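For the sequence shown, UniProt numbering assigns the number 1 to the initial residue and increments by one for each residue that follows. Taking it in order: structure first as structure tokens, then the write-up.
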Amino acid sequence: MPSHQELLSAMCNPDNRPTVRHQIYFFPDGDIMIRVEDTVFCIHTYFLTRESNRFRLMFISTVPCRRCREPPGTSESNPLVLRDATSEAFADLLWVFYNPEYFNYSGATLEKWKRILALAQQWGFVQVEKLCVQELEKLTIPPVEKIKIYQDFNLNPELLYDSYVELVTRPEHLNLEEGGKVGFLTSMKITHARELARATGP
1 MPSHQELLSA MCNPDNRPTV RHQIYFFPDG DIMIRVEDTV FCIHTYFLTR
51 ESNRFRLMFI STVPCRRCRE PPGTSESNPL VLRDATSEAF ADLLWVFYNP
101 EYFNYSGATL EKWKRILALA QQWGFVQVEK LCVQELEKLT IPPVEKIKIY
151 QDFNLNPELL YDSYVELVTR PEHLNLEEGG KVGFLTSMKI THARELARAT
201 GP
């Protein structure tokens, strides 16, 4: 079983590289300093620990480092360092928690939801993952691209029914690029379904 450090590397800043405060997610009343790449966030642990076992474990397990003699995350000069995310993706995840429009997430792009979904699955935010799927279902996504996304993230294949119907009933076959995206097995199933549809059609 992977160690805690292997699951989520969190330590004090060992290289003293210059950092910048995030323009939005650096709150005066935040109780944890987190560095992702060269950006420091000052946020509230509540949002991370209420759902993610990894973050609960991480915050419990942090101990003072030899150099700083204080637990990582207690100051801007000694932030908790997350090494398995980008600052952009982490900010996207925080947007879900701090969204000023409450339940209105309509402004997010497909790429933004993909970044959020990746971190939600990686860090065990089950409710955030459900939100991502809910919002993905509201977007107009080309069928091949949607199938690939849902395959990549291992999402409910039943949600792809309309995408498969569109590919089976459209005039043109899957081209090589499309076949490469959905994979050989899926491509063969679509081709077979197209043949059956035409054989039994009017």
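Positions of the beta carbon are idealized from the N, C-alpha and C atoms, including for glycine. Computed from a predicted structure; not experimentally measured.
Relative to the C-alpha of L167, which residue among K138, F153, A197 is closest? In the sequence shown, the residue the question calls residue 167 occupies position 167. For L167, the closest C-alpha among the options K138, F153, A197 is that of A197.
Out of V20, E101, F125, which one is the CA nearest neighbour of R56? The count along the sequence shown starts at 1 and reaches residue 56 at position 56. Nearest C-alpha to R56: F125.
How many angstroms separate the CA atom of M33 from the CA atom of Q122? The residue labelled residue 33 in the question sits at position 33 within the sequence shown. The residue labelled residue 122 in the question sits at position 122 within the sequence shown. Here the alpha carbon of M33 sits roughly 20 Å from the alpha carbon of Q122.
Mind checking F103: buried by the 16 CB within 10 Å criterion, or exposed? Working through the sequence shown from its first residue, we reach residue 103 at position 103. By the beta-carbon neighbour count (other beta carbons within 10 angstroms, threshold 16), F103 is exposed.
With a threshold of 16 other CB atoms inside 10 Å of the CB of H192, please say whether the residue is buried or exposed. Your numbering for residue 192 matches position 192 in the sequence shown. Around the CB of H192, fewer than 16 other CB atoms lie within 10 Å, so the residue is classed as exposed.
Which residues does DSSP list as the beta-bridge partners of F59? The count along the sequence shown starts at 1 and reaches residue 59 at position 59. DSSP links F59 through a beta bridge to no other residue.
How many whole angstroms separate the CB atoms of Y25 and Y98, which I take to be in contact at a CB cut-off of 8 Å? Within the sequence shown, the letter at position 25 stands for residue 25. Within the sequence shown, the letter at position 98 stands for residue 98. The pair is a contact, with the Cβ atoms about 7 Å apart (cut-off 8 Å).
Grouping DSSP H, G and I as helix and E and B as strand, with all else coil, what is L80? What you label residue 80 is simply residue 80 of the sequence shown in a count that begins at 1. Strand at L80.
CA-CA distance, R50 and L82? Working through the sequence shown from its first residue, we reach residue 50 at position 50. Working through the sequence shown from its first residue, we reach residue 82 at position 82. The C-alpha of L82 is placed about 18 Å away from the C-alpha of R50.
Between the Cα of L174 and the Cα atoms of V144, I116, S52, which residue gives the shortest distance? Residue numbering aside, residue 174 sits at position 174 when the sequence shown is read from its first letter. Minimum Cα distance to L174 is reached at V144.
Cβ neighbour criterion (16 or more within 10 Å) applied to I43: To locate residue 43, count along the sequence shown from 1; it is residue 43. By the Cβ-count criterion, I43 is buried, with 16 or more other Cβ atoms from all chains shown falling within 10 Å of its own Cβ.
Just to confirm before moving on: does the CB-CB distance between residue 229 and E137 stay below 8 Å? Nothing can be reported for residue 229: it is not among the residues displayed for the chain, which extend from 1 to 202.
Buried or exposed for E101, please, with buried defined as at least 16 other CB atoms from any protein chain shown within 10 angstroms of its CB. Working through the sequence shown from its first residue, we reach residue 101 at position 101. E101 counts as exposed, since fewer than 16 other C-beta atoms from the protein chains shown sit within 10 angstroms of its C-beta.
Just checking my contact of V182 with I141 at CB under 8 Å: how many whole Å lie between their CB atoms? Locating residue 182 in the sequence shown gives position 182, counting from the first residue. Locating residue 141 in the sequence shown gives position 141, counting from the first residue. The beta-carbon separation of V182 and I141, rounded to 13 Å, does not stay under the 8 Å limit for a contact.
Buried or exposed for P28, going by 16 or more other Cβ atoms inside 10 Å? The sequence position of residue 28 within the sequence shown is 28, counting from 1. By the beta-carbon neighbour count (other beta carbons within 10 angstroms, threshold 16), P28 is exposed.
Just list the residues that DSSP pairs I43 with in beta bridges. Position 43 of the sequence shown, counted from the start, is the residue given in the question as residue 43. Under DSSP, I43 forms a beta bridge with I32.
If you drop the 5 nearest sequence neighbours on each side, which residues of the same chain put their C-beta closer than 6 Å to that of F47? Walking along the sequence shown from the start, residue 47 turns up at place 47. Cβ within range, chain order: F97.
Per-residue burial, L8 [other beta carbons within 10 Å of its own, 16 or more giving buried]: Stepping through the sequence shown from its first residue, residue 8 is reached at position 8. Residue confidence for L8 is low, a pLDDT of 40 falling below 50, so the modelled location carries little weight and cannot support an answer.
Once the 5 residues before and after G73 are set aside, which same chain residues still bring their CB inside 7 Å of it? In the sequence shown, counting from the first residue as 1, residue 73 sits at position 73. The answer, listed in chain order, is I32, M33, I34, T62, P79, L80.
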